[in-house]
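Chemist: Numbering of the sequence shown is given in our numbering, commencing with residue 744 and proceeding in unit increments.
C-beta atoms are modelled at their ideal positions from N, C-alpha and C, and glycine is treated no differently.
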Amino acid sequence: MSTTKLELHGLSKTYSSKGAAAKVIENVTLTASEGEFVSIIGPSGCGKSTLFHIIGGITEPTAGKVMLDGKEITGSKGLISYMPQQPALFPWRTILDNVIMGQELAGSPKKEAREAAREWLAKAGLQGYEKAYPHMLSGGMQQRAAFIRALLSPREVMCLDEPFGALDALTRQDMQSWLLDIWENNKRTVLFITHSIEEALFLSDKIVLLSRKPTHVLKELVVPLPRPRQEEVVNDPVFLELKQHIYGLMKQEQRHN
Ligand SMILES: Nc1ncnc2c1ncn2[C@@H]1O[C@H](COP(=O)(O)OP(=O)(O)OP(=O)(O)O)[C@@H](O)[C@H]1O
Ligand SMILES: [Mg+2]
């Protein structure tokens, strides 16, 4: 599979309502290279989801550009695979029909889409739920289904907004290892929002730390841990050192509040 580069250039966003202006994003520039796994960490409410809405063309930036493979795509919808923070499954569609939506929109043959979807649902522990409706699944199961939908959407860049936030610790660990395995065998460009420093270190090539609102890039850190990564990597001295370093930086940022 070919991969694609995503660039954000000087993005800013100010929301205005009833004459009051709220600056949320201030001059964010960052790049996810072809096949790179980039995590974004930042204080709650700093503007991470807003950043993804801008990338997805749902929200217009006040300034700046979004570039995909060197072409400007600011304001264009449907070019990236996006998993929103709240798993937005359509309640009137079965799990299987929810999962194949990205493929459907791209015009893939339905039979093949369904076959692939069944396979992936089984790998995510959702076998037997193909014909169920979203309300019959737990929050974590819905999140897994939404994740599979993003994964199967035939787009080169995936933007995942805290995809494992609603999962218990063990399932979350399983899903991380599972995602890592898929990604290492099938490199796609990924932007991944998380509040977990460990999750970011385990998965990423690069971690972007964002400031509090109005958010800007505080620091970019390369994660020099070799791949493929195993769960034991969390005990690696490099992992532990980076973890302490990031905790320190984010604590400092919080203290400024
Ligand atoms: N449509 C909107 N109109 C006005 N303000 C908004 C809108 N959407 C988001 N905001 C504000 O922008 C700020 C950033 O919100 P956003 O959801 O991007 O934060 P976040 O970093 O994703 O937070 P979290 O980590 O809690 O998910 C918040 O103060 C929020 O109130
Ligand atoms: Mg958010």
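For D911, which residues does DSSP report across the bridge?
Modeler: DSSP, once it has assigned bridges, lists no residue as partnering D911.
Chemist: Measure the Cβ-Cβ separation of D924 and P827 and say whether it is below 7 Å.
Modeler: Their beta carbons are not under 7 Å apart, which means D924 does not touch P827 by this criterion.
Chemist: Enumerate in chain order the residues of its own chain whose CB-to-CB distance from W863 is below 8 Å, with the five nearest sequence positions on each side excluded.
Modeler: So the list reads V842, I891, L894, L895, once near-sequence residues are dropped.
Chemist: Would L754 and V771 be called neighbours here (beta carbons separated by less than 7 Å)?
Modeler: Contact flag set, yes.
Chemist: Who sits around ligand 2, taking every residue whose Cβ is closer than 7 Å to one of its heavy atoms?
Modeler: Spelled out in chain order, the answer is K791, S792, Q828, D904, E905, I936.
Chemist: Our contact map puts V809 next to T793 with C-beta atoms below 8 Å; I'd like the distance itself, whole angstroms only.
Modeler: Not really, about 13 Å apart at Cβ, beyond 8 Å.
Chemist: By the 10 Å Cβ neighbour count, where 16 or more other Cβ atoms means buried, how is K761 classified, buried or exposed?
Modeler: The residue is exposed, with fewer than 16 neighbouring Cβ atoms inside 10 Å.
Chemist: Quick one, which of I838, P906, H999 has its alpha-carbon nearest S782's?
Modeler: The shortest Cα separation from S782 among I838, P906, H999 belongs to P906.
Chemist: Out of W835, I784, A764, T747, state which residue places its alpha-carbon closest to the alpha-carbon of L961.
Modeler: Among W835, I784, A764, T747, the Cα nearest to that of L961 is on I784.
Chemist: Please state whether the Cβ-Cβ distance between L952 and L992 is less than 7 Å.
Modeler: Their beta carbons are under 7 Å apart, which means L952 touches L992 by this criterion.
Chemist: Enumerated in chain order, which unbroken segments of the beta strand (DSSP E) with a length of 3 residues or greater are wholly contained in the region 931 to 966?
Modeler: Listed in chain order, the complete beta strand (DSSP E) runs (minimum 3 residues) inside the region 931 to 966 are 932 to 936, 949 to 953, 960 to 965.
Chemist: Is Y758 near ligand 1, judged by its Cβ being under 6 Å from some heavy atom?
Modeler: Yes, ligand 1 has a heavy atom inside 6 Å of this Cβ.
Chemist: Does the Cβ of G788 have 16 or more other Cβ atoms within 10 Å, making it buried, or fewer, making it exposed?
Modeler: Answer is exposed; the Cβ neighbour count stays below 16.
Chemist: Enumerate in chain order the residues of its own chain whose CB-to-CB distance from L880 is below 6 Å, with the five nearest sequence positions on each side excluded.
Modeler: Same-chain partners within the cutoff: there are none.
Chemist: Quick check on I989: does DSSP put it in helix, strand or coil?
Modeler: Looking at I989 - three-state DSSP - the assignment turns out to be helix.
Chemist: Determine the DSSP secondary structure at H878, reduced to helix, strand or coil.
Modeler: DSSP places H878 in helix when its eight states are reduced to three.
Chemist: Could you tell me how far apart the beta carbons of A775 and T932 are, in whole angstroms, since I believe they sit closer than 8 Å?
Modeler: With 8 Å as the limit, A775 and T932 qualify as a contact, their Cβ atoms being about 5 Å apart.
Chemist: Rounded to whole angstroms, what is the Cα-Cα separation between S745 and V977?
Modeler: Any reading at S745 needs caution, since the residue's pLDDT is 48, under 50, leaving its predicted position unreliable; the model's value is listed next. Approximately 30 Å between the Cα atoms of the pair.
Chemist: So the candidates are V900, E942, Y876, P897; which of them puts its Cα closest to the Cα of W835?
Modeler: That would be Y876, whose Cα lies nearest to the Cα of W835.
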